[in-house]
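Colleague: Numbering (this note's numbering), first residue to last: 3 to 272.
Think of the CB as a built atom: it goes at the ideal place given N, C-alpha and C, for glycine as much as any other residue.
Treat the numbers as computed from the prediction; the structure is a model and nothing was measured.
Take a look at the following structure, please.
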Amino acid sequence: MLVFPNAKINLGLYVTGKRPDGYHNIESVFYPVGLCDALEITRQHAPWSVKSSGFSVEGDPEKNLCLKAARLFSERFSIPSSTIHLHKAIPMGAGLGGGSADAAFTLMALNELNGRPATNGELFDLAMQIGSDCGFFILNKPCYVKGRGEEVRSIDVDLQGYFIVIVKPDIHVSTAEAYSMITPGLPLNDLSSSIASPPEKWKDLVFNDFEKPIAEKFPVIQKIKSDLYDSGALYASMTGSGSAVFGIFRNEVDLKNQFASEFYWAGRLG
3 MLVFPNAKIN
13 LGLYVTGKRP
23 DGYHNIESVF
33 YPVGLCDALE
43 ITRQHAPWSV
53 KSSGFSVEGD
63 PEKNLCLKAA
73 RLFSERFSIP
83 SSTIHLHKAI
93 PMGAGLGGGS
103 ADAAFTLMAL
113 NELNGRPATN
123 GELFDLAMQI
133 GSDCGFFILN
143 KPCYVKGRGE
153 EVRSIDVDLQ
163 GYFIVIVKPD
173 IHVSTAEAYS
183 MITPGLPLND
193 LSSSIASPPE
203 KWKDLVFNDF
213 EKPIAEKFPV
223 IQKIKSDLYD
233 SGALYASMTG
243 SGSAVFGIFR
253 NEVDLKNQFA
263 SEFYWAGRLG
């Protein structure tokens, strides 16, 4: 089975408090975008394994999130083992949720391959055992997200037809480092109300708590954001804990040459 785990962007991201379990409470709107990895699962009577291509997947292969998802699903539903081939096109350390998407799509693909033994609720619960963003990708539609990521509800944010540009400089921001840079607190503006405004008003209403401290450490973040606005973006922001920056445009633009030294992706929003 071949599936295509997609990335997400954060429309606003506020860190509202530290939890007793060590996680942080957040408030954000997650929006899926068309930048995708490719994930192929093949039945094979051998131990679970993952091989990868495309962007390098760093870290211990035994801690790969796809492998973790597969083993969780296998333990819960006693399915035969398979091999997984992951082609990475979503850059890592970007705040685009690529690893979380890969894990969630592994769960959903295994569910399809094995006759759908799991409900969507069970898939969501398994996904939340893997990572805080994973549950969102089981729903994979615009969602208002709270808590550590377990409070997810659909939200009426329609950017269909808008054009998005994603630019990632050659820097990696670890999630732990990003959280160490901020002081949790309640947002000045209500995110639900702010997101209900037209995108051209978000510049003054919708913010990412991580952006300011990370841009101070890596000024290229602010430079990319300013360049996107200068090129006509209605709204631009860093996504997640960085380092990718996106711009939302009313009409299609081609900025490849402007960002020739960075990772660049552009496409229509659905």
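#1: May I ask which residues mark the beginning and end of the beta strand (DSSP E) holding Leu-88?
#2: Which two residues bound the contiguous beta strand (DSSP E) that contains Asn-8?
#3: Given this structure, state the Cα-to-Cα distance separating Phe-139 from Leu-115, to the nearest angstrom.
#4: Check for me: the alpha helix (DSSP H) holding Phe-165 runs from which residue to which?
#5: Start and end of the beta strand (DSSP E) containing Leu-41?
#6: Could you check whether the Cβ of Trp-50 sits closer than 7 Å to any Cβ belonging to chain B?
#7: Going by DSSP, name the residue or residues bridged to Arg-252.
#8: Considering just the uninterrupted stretch of the alpha helix (DSSP H) at Ala-268, what are its terminal residues?
#9: On the criterion of 16 or more Cβ atoms from any shown chain inside 10 Å, does Asn-259 qualify as buried, or is it exposed?
#10: Which full runs of the alpha helix (DSSP H) of 4+ residues lie inside the segment 121-189, going along the chain?
#11: Going by DSSP, what residue range makes up the alpha helix (DSSP H) through Val-59?
#12: Whose C-beta lies closer than 6 Å to the C-beta of Leu-303 among residues of the same chain, with five residues either side of it excluded?
#13: Output the distance between the C-alpha atoms of His-26 and Asp-104, rounded to the nearest integer angstrom.
#14: Closest by CA to Gly-234, which one among Glu-254, Phe-220 and Val-247?
#15: What is the DSSP secondary structure of Pro-34, reduced to helix, strand or coil?
#16: On a CA-only basis, which of Leu-257, Ile-250, Met-183 and Gly-242 is nearest Gly-100? Give me that one, please.
#17: In terms of DSSP beta bridges, what is Ser-238 paired with?
#18: Indicate whether Ile-168 and Trp-267 have their beta-carbon atoms separated by less than 7 Å.
#19: Short of 6 Å in beta carbon distance, which residues of its chain neighbour Ser-239, apart from the five on each side in sequence? Order them along the chain.
#20: What does DSSP give as the partner residues of Leu-4 in its beta bridges?
#21: At which residues does the alpha helix (DSSP H) containing Asp-192 begin and terminate?
#22: Per DSSP, what kind of secondary structure is Ile-28 in: helix, strand or coil?
#23: As a quick exercise: from Ser-83, Ser-194, Ala-9 and Ile-226, pick the residue whose alpha carbon is nearest that of Pro-49.
#24: How many Å lie between Asn-12 and Val-31 at the Cα?
#25: Within this structure, are the beta carbons of Trp-204 and Tyr-231 separated by less than 7 Å?
#26: Keeping to the same chain, check which residues put their C-beta closer than 8 Å to that of Ile-184; ignore five residues upstream and five downstream.
#27: Please go through the same chain and pick out, in chain order, the residues whose beta-carbon is closer than 6 Å to the beta-carbon of Phe-126, but skip the five residues on each side of it.
Modeller: Let's see:
#1: 84-90
#2: 8-20
#3: 18 Å
#4: Run containing Phe-165: none in the alpha helix (DSSP H); it sits in the beta strand (DSSP E), 165-170.
#5: 40-45
#6: The structure shown contains no chain B; it holds only a single protein chain.
#7: Arg-252 pairs with nothing; no bridge assigned.
#8: Note, Ala-268: premise wrong, no alpha helix (DSSP H); beta strand (DSSP E) at 265-270.
#9: exposed
#10: 122-132, 136-141 and 177-182
#11: No alpha helix (DSSP H) holds Val-59; DSSP gives it neither H nor E.
#12: The structure shown does not extend to residue 303, since the chain is modelled only from 3 through 272, so no value can be given for it.
#13: 23 Å
#14: Glu-254
#15: strand
#16: Gly-242
#17: One point to set straight first is that residue 238 is Ala, not Ser, in the sequence displayed. Looking at the DSSP assignment, Ala-238 forms a beta bridge with Gly-249.
#18: yes
#19: Asn-210
#20: Glu-42
#21: Asp-192 -> no alpha helix (DSSP H), and no H or E assigned at all.
#22: strand
#23: Ser-83
#24: 6 Å
#25: no
#26: Val-17, Asp-211, Phe-212 and Pro-215
#27: Gly-137 and Ile-140
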